[in-house]
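Numbering (the working numbering), first residue to last: 204 to 774.
Data block below; observations after.
Structure follows, in structure tokens:
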């Protein structure tokens, strides 16, 4: 392997020529073999890459070409003054600030290769992550003892990293900057992919010597050592960077890049809304409405005035939840939206389901087009939005996007109940006989999530891979939850809306859900199983193809249960 010294030379010189992009690799899910994951009780069975074969591919010719760049070596290392830079076409002059949620202002930071200006280098396709060494914060001290190569190995290509030191002691600053420099070089050497240096910026002066709004941010956020700037150019707060691969929950660099994956997911939502604005209608539901702080079961009743849903198109729920205090929203709770009947008395038709975060805010766009027949008549509809325990401020809208698409014309409720998952589970579901004629297409849609853990040997139903089976005229339609009990089932789903770096055991796979994510409708195409006339529908749940008889380990624990809402949708 080439020496760290050579790689460091390459690293610092390539920085001057680099753009803000690099290479990354996908993280693969590793399963927990006994399917018995519980909070804080997971050992790290991952192995480090073999050092042999990871040498950098840089040739001596490349080293000569970089070292011979006289223009690069003549750049001054002065970041104190704000020079005039040519602004990127993506950088707009907008009202900006320094608080979380504000648009980030321009700034200039000193690198060893010269000055880096935000407006000049900004791209609306990129995310920017800032990590500070702050000796007074234990998490900041701890993260710098972890391995950087884990971060560089997995990072997406559209992320630029800034590593900064916050201290007024000049000698201490030099020492810490050199330590970080060495850590970066060693990580790149170990990783074997030097192209990632284009995404990394080490700030060569302590922040106390730099004139930038970042200093004000530091003063206003004494307990923070991280912030991000997302693709909307907004300043973002980070979460918990604790690793759940160890019982000690060490703070590590490994999970840091997940913040950028979250920004990309949210950018897809905003892009979709913008791109469809000319053909969509927004039906307002909740606007900054909080749950009550008192009491256990929290409910919000509200009306939505629907008009024009009889046309062809797609129907979505946009939910944004704000958690301004992690202690008030600290658990992963089941959250549900119900449609009330015409009298507004019975509110038991489920139209949306989410699992709240462990102490973070979240935003989700959920397709509920199959449920569109519930809202065919113009007028006001009453809803009940409910959660147990947690407190959030809620923004909820329905979005109807007009487009030519196959439309559901009829919806029939099937099995909608919450039952304990045990040897008597299947006895709670009576077969239903429905008469349908000349059906062109029919699908079953269902919300199915398993809950309960730590009280049975199989760790059901949150962490066991139980099967849900719908039977239509003797034909089985099955789903099993193969991510349940895996180490990274939810860790790998950030690109699909899971909020990362929560303050609880968010990475582990669950049965039909993840903490901090919307629950998607599960589809079963039953068209070929239907006949003209009477059709028999039934439902059952199993574990490994057998009726589940739990071996109880804690009678007072949270026993296994399954929440089911299902509908037959006719097209």
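Just so it is clear, CB atoms sit at the ideal spot from N, CA and C, and this is done for glycine as well.
Exercise. So what does DSSP say about residue 213, is it helix, strand or coil?
Worked result: Note that residue 213 has pLDDT 38, beneath the 50 cutoff, so the model's placement of it is unreliable and the number below is only indicative. Residue 213: helix per DSSP, three-state reduction.
Problem set entry | Simplified DSSP assignment, three categories, for residue 741 | strand
Exercise. Should residue 501 be labelled buried (16 or more other beta-carbon atoms within 10 Å of its own) or exposed?
Worked result: buried
Exercise. What separation, rounded to the nearest whole angstrom, lies between the Cα atoms of residue 604 and residue 725?
Worked result: 21 angstroms
Exercise. So what does DSSP say about residue 557, is it helix, strand or coil?
Worked result: strand
Problem set entry | First through last residue of the alpha helix (DSSP H) which encompasses residue 373 | 373-394
Problem set entry | CA nearest to the CA of residue 615, picked from 648, 378, 633 | 648
Exercise. To the nearest whole angstrom, what separates the beta carbons of residue 516 and residue 606, a pair I think is in contact under 8 angstroms?
Worked result: 5 angstroms
Exercise. When DSSP labels each residue in this structure, what does residue 703 get in the three-state scheme?
Worked result: coil
Problem set entry | Beta-bridge partners of residue 404, as assigned by DSSP | 365
Exercise. Given a threshold of 16 other Cβ atoms within 10 Å of its Cβ, counted over all protein chains shown, does residue 621 qualify as buried or as exposed?
Worked result: exposed
Exercise. To the nearest angstrom, how far is it from the Cα of residue 492 to the Cα of residue 526?
Worked result: 12 angstroms
Exercise. Residues in its own chain within less than 6 angstroms of residue 529 by CB, not counting five upstream and five downstream?
Worked result: 562, 706
Problem set entry | Residue of 769, 708, 477, 626 minimising C-alpha distance to residue 750 | 626
Exercise. With DSSP run on the structure shown, which of helix, strand or coil describes residue 204?
Worked result: Unreliable positioning characterises residue 204 in this predicted model, as indicated by a pLDDT of 42, which lies under 50. The coordinate reading is nonetheless provided below. Looking at residue 204 - three-state DSSP - the assignment turns out to be coil, as it is neither helix nor strand.
Problem set entry | Residue ranges of each alpha helix (DSSP H) within the stretch 503-590, 4 or longer | none
For this session: Can you give me the Cβ contacts of residue 652 inside the same chain, cut-off strictly under 8 angstroms, excluding the 5 residues immediately before and after it?
Result: 537, 556, 558, 713, 714, 715, 716, 722, 765, 766
Exercise. With a CB to CB cut of under 6 angstroms and the five nearest residues on each side skipped, what residues in its chain are close to residue 634?
Worked result: 739, 741
Exercise. Helix, strand or coil for residue 451 per DSSP?
Worked result: coil
Problem set entry | Validate contact between the stretch 314-324 and the stretch 289-306 using beta carbons, cut 8 angstroms, 3 pairs | yes
For this session: Tell whether a beta-carbon distance below 7 angstroms holds between residue 570 and residue 485.
Result: no
Problem set entry | 4-residue-minimum alpha helix (DSSP H) runs that sit fully inside the stretch 301-337, ordered along the chain | 321-324
Exercise. What residue ranges within the stretch 610-638 form continuous beta strand (DSSP E) runs of no fewer than 3 residues, ordered along the chain?
Worked result: 613-623
Exercise. Quick one: what's got a C-beta closer than 7 angstroms to residue 340's C-beta in the same chain, skipping five residues either side?
Worked result: 426, 428
Exercise. From which residue to which residue does the beta strand (DSSP E) around residue 728 run?
Worked result: 725-728
Exercise. Under a Cβ-count criterion, where at least 16 other Cβ atoms within 10 Å of its own Cβ denotes burial, should residue 553 be classed as buried or exposed?
Worked result: buried
Exercise. Any idea what DSSP makes of residue 284, helix, strand or coil?
Worked result: For residue 284, the pLDDT reaches just 42, beneath the cut-off of 50, and the residue's location in the model is therefore unreliable, although a value from the coordinates is still provided. Residue 284: coil per DSSP, three-state reduction.
Exercise. Looking at the structure shown, is residue 290 part of a helix, part of a strand, or coil, going by DSSP?
Worked result: coil
Exercise. Tell me which same chain residues have a C-beta within less than 6 angstroms of the C-beta of residue 568, skipping the five on either side of it?
Worked result: 472, 519, 521
Exercise. Where residue 662 and residue 356 are concerned, what is the direct C-alpha to C-alpha distance, given to the nearest angstrom?
Worked result: 33 angstroms
Exercise. What is the rounded straight-line gap between the Cα of residue 628 and the Cα of residue 753?
Worked result: 11 angstroms
Problem set entry | Touching by the beta-carbon criterion (3+ pairs, under 8 angstroms), the stretch 364-372 and the stretch 333-351 | yes
Exercise. Distance, Cα to Cα, residue 506 vs residue 350?
Worked result: 51 angstroms
Exercise. Do the CB positions of residue 697 and residue 719 come within less than 7 angstroms of each other?
Worked result: no
For this session: Can you grab the Cα-Cα spacing for the pair residue 660 / residue 303, in whole Å?
Result: 44 angstroms
Exercise. Residue 469 lies in the alpha helix (DSSP H); which residues open and close that run?
Worked result: 461-478
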